[in-house]
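Take a look at the structure below.
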Ligand SMILES: [Fe+2]
Ligand SMILES: [Fe+2]
């Protein structure tokens with residue numbers, strides 16, 4: 336049965352919003368109250384249309400079955416990217432205060448960049464796409480594309496939707512804003528460093544490239 340997202344999505348609840356605030360405490364550091372509320376709304380809306388109740392329920396992975404964390408959820412990734420991205424802003428503000436960057440957009444964009452994973456990682460969606468990939472594709476929309484849709488649909492500015500789209504593979508085909516470039520590098524760095532630290536399942540890191548040599552965690556066998 337093809338999915339009609341608008342007809343089948345339950346309403347956003349306060350419980351969903353409260354869970355988002357708990358899972359991503361960095362939302363409180365967004366200075367613009369309107370932007371803060373819409374970041375919460377974006378995640379609550381994405382969760383309402385999915386099988387997940389919390390961001391911490393979404394598996395910690397870059398893509399389904401690719402760059403999969405041995406331990407941790409999507410919230411660990413989002414918070415890490417938000418920390419990395421705002422550290423970059425703060426460091427350059429210290430050394431080169433003449434450079435213009437919108438810290439709120441970087442922080443909100445980092446917290447929302449993977450909002451589409453509630454859709455792409457949803458086991459119900461994955462089963463539907465697997466069942467007949469010829470019908471709507473597999474996936475029908477990647478998380479970057481669906482995330483941009485969610486951002487625009489809750490009234491987030493195009494700067495944030497652009498980060499949701501441009502942080503990922505799709506970013507190779509468009510010109511990237513300064514804030515998107517910062518989040519994109521924070522995102523990719525987070526995954527590559529996590530890989531090098533041995534935090535990812537070895538069977539999921541083929542895209543890490545030929546130079547990657549992950550260090551085993553204590554107690555794990557060394558590669559032959
Ligand atoms: Fe992503
Ligand atoms: Fe990400």
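Residue numbers (my numbering): 336 to 559.
We put the CB at the ideal spot given by N, CA and C, even for glycine.
Computed from a predicted structure; not experimentally measured.
Using the Cα positions of residue i and residue j, report the straight-line distance between them to the nearest angstrom.
i, j, result
"residue 452", "residue 479", "8 Å"
"residue 372", "residue 506", "26 Å"
"residue 529", "residue 444", "21 Å"
"residue 481", "residue 487", "10 Å"
"residue 403", "residue 413", "14 Å"
"residue 442", "residue 527", "20 Å"
"residue 426", "residue 468", "46 Å"
"residue 383", "residue 511", "30 Å"
For residue i, which residues of its own chain have a beta-carbon under 7 Å away from its beta-carbon, when the five flanking residues on both sides are left out?
i, result
"residue 415", "525"
"residue 459", "386"
"residue 483", "496, 499, 500"
Quick test of your reading: residue i and residue j, contact by CB under 8 Å. State the CB separation rounded to the nearest angstrom.
i, j, result
"residue 407", "residue 395", "4 Å"
What are the partner residues of residue i, as DSSP defines its beta bridges?
i, result
"residue 394", "408"
"residue 401", "398"
"residue 535", "404"
Using C-beta distances below 6 Å, list every residue in its chain close to residue i, excluding the 5 sequence neighbours before and after it, in chain order.
i, result
"residue 498", "444, 448, 515, 518"
"residue 474", "455, 464"
Would you mind reading off the limits of the alpha helix (DSSP H) that contains residue i?
i, result
"residue 341", "340-343"
"residue 440", "438-447"
"residue 556", "Looking at the DSSP string, residue 556 is not in any alpha helix (DSSP H), and its letter there is neither H nor E."
"residue 481", "478-488"
"residue 498", "493-501"
"residue 374", "368-383"
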